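Enquirer:
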Amino acid sequence: TVKVTINDMEVEVKKGTTILEAAKKIDIQIPTLCYLNLEGFDIANEKASCRVCVVEVEGRPTLVPSCAEKVTEGMVIRTDSPQAVAARRMNVELLLSNHPKDCLTCRKNLNCELQDLAQRLGVMEISYEGERMRYEVDQSSLSLVKDPEKCIMCRRCETMCNEVQTCGILSAVSRGFASYVGPAFELNMVDTSCTFCGQCVAVCPTGALTEVNNVRNVVDALNDPSKHVVAQVAPAIRVAIGEVFGMEPGSITTGQLATSLRRLGFDGVFDTNFAADLTILEEASELVHRLEHNGRLPILTSCCPAWVRFFEHQFPDLLDVPSTCKSPQMMFGAIAKTYYAKKIGVDPKDIVVVSIMPCLAKKTEAAREEMDIDQMHNVDLVLTTREFGAMLKEAGTNFSKLPPSEFDNILGESTGAAVIFGTTGGVIEAAVRTAYEWVTGDELEKVDFQQLRGLEGIRSATVKVGSQYLHIGIAHGLGNARKLLEDIRAGKSHYHAIEIMACPGGCIGGGGQPYHHGDMEILRKRQEAIYREDAGMKVRKSHENQEVLKLYEEFLGEPYGDRAHQLLHTHYSP
Ligand code: HC1
Ligand code: SF4
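Residue numbers (full-length UniProt numbering): 3 to 576.
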């Protein structure tokens, strides 16, 4: 260890610790715009580009960036000296001099780290006002908006995209004053192999990268009396949206969600979890089918649309490996516009399906034409957790104080197996609960598969199912997924089934969730809440969902049968 003194306080830290991290240990928060360290995920952006974190080190002629400088024995550091504070302020003012400053109408208003820092440093005027760089806003995709004028070159997005997701879409374009981060050859995002995972958006400190906002479209639909507007809520929303309203991370707000949607005027208030149970019936059937008929193994889960885009672009030779199941979001839409439409006697063309999702890629997935039914999209509009939170704020909803209520029936019942879809490891655990009982014919007494849980990037486990051993792999983060895919390509994979989620943590860490500003404790709390919600449910296996069973009986026929194939399965193209 190394002993150092920061602002007259002694602290002992591990060798190799940066000044910034050492200061954090004694609750001294040095401001920074570019630094990012997602603990436990091996994700760090240490480019020292913003120079907001500069501090004074005794014996050094110039200020040093605390995010990049490692402590040495006996170092004496001041984070609050007049020189350090003045330099910090000047660096923020320089950034602001080349920044649009349209904060009132910016998509990032009150969530912007640059705005927050300017306020904390008391910046009231810009001493260096000069010329500003002008760029077009890229609104080419259905998922994200890129506004290069708001890029401050912190390069967190680049680290996320290139190192964590290994997608390689974003890098520095131009030089010096004119530089910003974007795709090579100034391509529009939609023309790249971007997966729309939104992890770049999740870490952008300013309004340079944000989601496409669909709140106005949803409000318009709700105000149109000729439309029957239904909502579905993804598993991971219920453990995260409370944060938008100042609740503790990991607060479970399932009942408040149902009430809030009803108050906003939705005609049907439903749960994506219903469709997650449905997905398990299809996916477990497909797995059993492949096992019994010498089918292609391993089977890969297909509910994460960023992951789907990733393998379509990067592994076009392996398109027969993933499950053909549509995601729960899309299965929900397909059932809402057929079975449900018939039941309530409404023309499916007048039904608007709105999804509340933790994800930006879900916006692009909703428009995938190969999933359309009678030239109708399964899902019409997708809001992220953040957008839905904003919509509730706009309506003045006191979310945390809402009385809880239940989802509506016929597309509202769900089991504990469905809620765990929201975290890495959950989809495969849900599938195992069902496959086990189907294959063995025995009742599964202990439904918790601890060996599938956790937050490590790649995990594996072996589960005994009757006389067989199922080898299961799990990856989250696309860089981790790539490793498992490369093994499959090389013929070295020994797994029967693999679950992949594009975002670190799975949907709890989705690109549309409330900003966690690098605090990984928040992800852990969301994950714990997911498992708590599951443990508290009476029914915890998808094949015991009575509404889903009734749907098969009245409408779909057999799981993995003809009707199910038509409505609930899809195909992939490079
Ligand atoms: Fe997910 Fe899924 S779990 S993909 O992580 O399979 O987005 O929450 O809705 O569709 O159910 C996201 C979450 C979500 C789907 C389900
Ligand atoms: Fe890269 Fe994902 Fe951002 Fe696309 S959405 S640029 S893949 S991090």
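Ideal Cβ positions, reconstructed from N, Cα and C, are used throughout, including at glycine.
As the structure is a computational prediction, the values presented were derived from the model and not from experiment.
Under 6 Å: does the beta carbon of PHE423 sit that close to some heavy atom of ligand 1?
Expert: yes
Enquirer: Please report the straight-line C-alpha distance between ASN100 and ASP10, rounded to a whole angstrom.
Expert: 37 Å
Enquirer: Leaving aside the five residues before and after LEU22 along the sequence, list all residues of the same chain whose C-beta is less than 8 Å from its C-beta, in chain order.
Expert: Cβ within range, chain order: ILE32, THR34, TYR37, CYS55, SER68 and CYS69.
Enquirer: Let me check one thing: in DSSP terms, what residues is ILE502 bridge-paired to?
Expert: ALA477
Enquirer: At 3 residues or longer, what runs of the beta strand (DSSP E) sit wholly inside the segment 93-159?
Expert: 146-148
Enquirer: Starting from the Cα of VAL550, find the closest Cα among ALA566, ASP536 and GLU535 and give me that residue.
Expert: ALA566
Enquirer: Helix, strand or coil: how does DSSP classify GLN234 here?
Expert: strand
Enquirer: Going by other Cβ atoms of all chains shown within 10 Å of its Cβ, with 16 needed for buried, is ASN421 buried or exposed?
Expert: In the sequence as presented, Asn is not what sits at residue 421; that position holds Val. By the neighbour-count rule (16 or more Cβ atoms within 10 Å), VAL421 is buried.
Enquirer: Compute the minimum distance between the beta carbon of CYS509 and the heavy atoms of ligand 2, and state whether it is under 6 Å.
Expert: Checking the Cβ of CYS509 against ligand 2 gives no.
Enquirer: Measure the beta-carbon distance from SER145 to PHE198 and round it to whole angstroms, keeping in mind my assumption that it falls under 8 Å.
Expert: 4 Å
Enquirer: Going by C-alpha distance, which of GLU131, TYR341, MET162 and SER407 is nearest GLY513?
Expert: MET162
Enquirer: So within the segment 527-573, which uninterrupted alpha helix (DSSP H) runs reach at least 4 residues, ignoring any that extend past its ends?
Expert: 548-553 and 564-570
Enquirer: Put ALA46 into one of helix, strand or coil per three-state DSSP.
Expert: strand
Enquirer: Compute the Euclidean distance between the alpha carbons of VAL434 and THR326, then round it to the nearest angstrom.
Expert: 18 Å
Enquirer: Go to ILE460, then tell me how far its alpha helix (DSSP H) extends in each direction, as first and last residue.
Expert: No alpha helix (DSSP H) contains ILE460, which is instead part of the beta strand (DSSP E) from 460-467.
Enquirer: In whole angstroms, what is the alpha-carbon distance linking ILE474 and MET503?
Expert: 14 Å
Enquirer: Here's a check: name, in chain order, each residue in its chain whose Cβ is nearer than 6 Å to the Cβ of LYS280, leaving out the five neighbours to either side.
Expert: What sits at residue 280 in the sequence shown is Leu, not Lys. For LEU280, where only same-chain residues beyond five positions count, the Cβ hits under 6 Å are MET333 and VAL550.
Enquirer: What are the boundary residues of the beta strand (DSSP E) that includes VAL197?
Expert: Per the sequence shown, residue 197 should be read as Thr rather than Val. Careful: THR197 lies outside any beta strand (DSSP E) and carries neither H nor E.
Enquirer: Looking at the secondary structure, which residues open and close the beta strand (DSSP E) in which VAL354 lies?
Expert: 353-359
Enquirer: Determine the DSSP secondary structure at PHE179, reduced to helix, strand or coil.
Expert: helix
Enquirer: Buried or exposed for ASP149, going by 16 or more other Cβ atoms inside 10 Å?
Expert: buried
Enquirer: Quick check: the Cα distance between GLY443 and LYS543, rounded to an integer number of angstroms?
Expert: 14 Å
Enquirer: Output yes or no for whether 7 Å exceeds the beta carbon distance between SER262 and LEU404.
Expert: yes
Enquirer: Out of GLU41, ARG461, LEU413 and VAL6, point me to the one whose CA is closest to TYR341's CA.
Expert: LEU413
Enquirer: Ignore the nearest five residues each way along the sequence and tell me which others in LEU224's own chain have a CB closer than 8 Å to its CB.
Expert: The answer, listed in chain order, is VAL231, LEU266, GLY267 and PHE268.
Enquirer: Do you know how far the Cα of VAL381 is from the Cα of ILE79?
Expert: 56 Å
Enquirer: Pull up the DSSP beta-bridge partners for LYS72, would you.
Expert: Answer is THR20, bridged to LYS72.
Enquirer: Let me check one thing: in DSSP terms, what residues is LEU383 bridge-paired to?
Expert: VAL356
Enquirer: Just the C-alpha distance for PRO506 and LEU480, rounded to the nearest angstrom, thanks.
Expert: Each residue's Cα considered, the two are about 8 Å apart.
Enquirer: How should VAL467 be labelled, buried or exposed, when 16 other C-beta atoms within 10 angstroms of its C-beta is the threshold for buried?
Expert: buried
Enquirer: Check whether the Cβ atoms of ILE243 and THR426 sit closer than 7 Å, and answer yes or no.
Expert: no
Enquirer: Excluding the 5 residues preceding and the 5 following ILE460 in the sequence, name in chain order all residues of the same chain whose CB lies nearer than 8 Å to its CB.
Expert: GLY475, ILE476, ALA477, ASN482, LYS485 and LEU486
Enquirer: Under three-state DSSP, which class holds PRO67?
Expert: strand
Enquirer: Check PRO324 in the structure and name its three-state DSSP category.
Expert: strand
Enquirer: Is there at least one non-hydrogen atom of ligand 1 closer than 6 Å to the beta-carbon of LYS448?
Expert: no
Enquirer: Considering just the uninterrupted stretch of the alpha helix (DSSP H) at ARG264, what are its terminal residues?
Expert: Start and end: 256-266.
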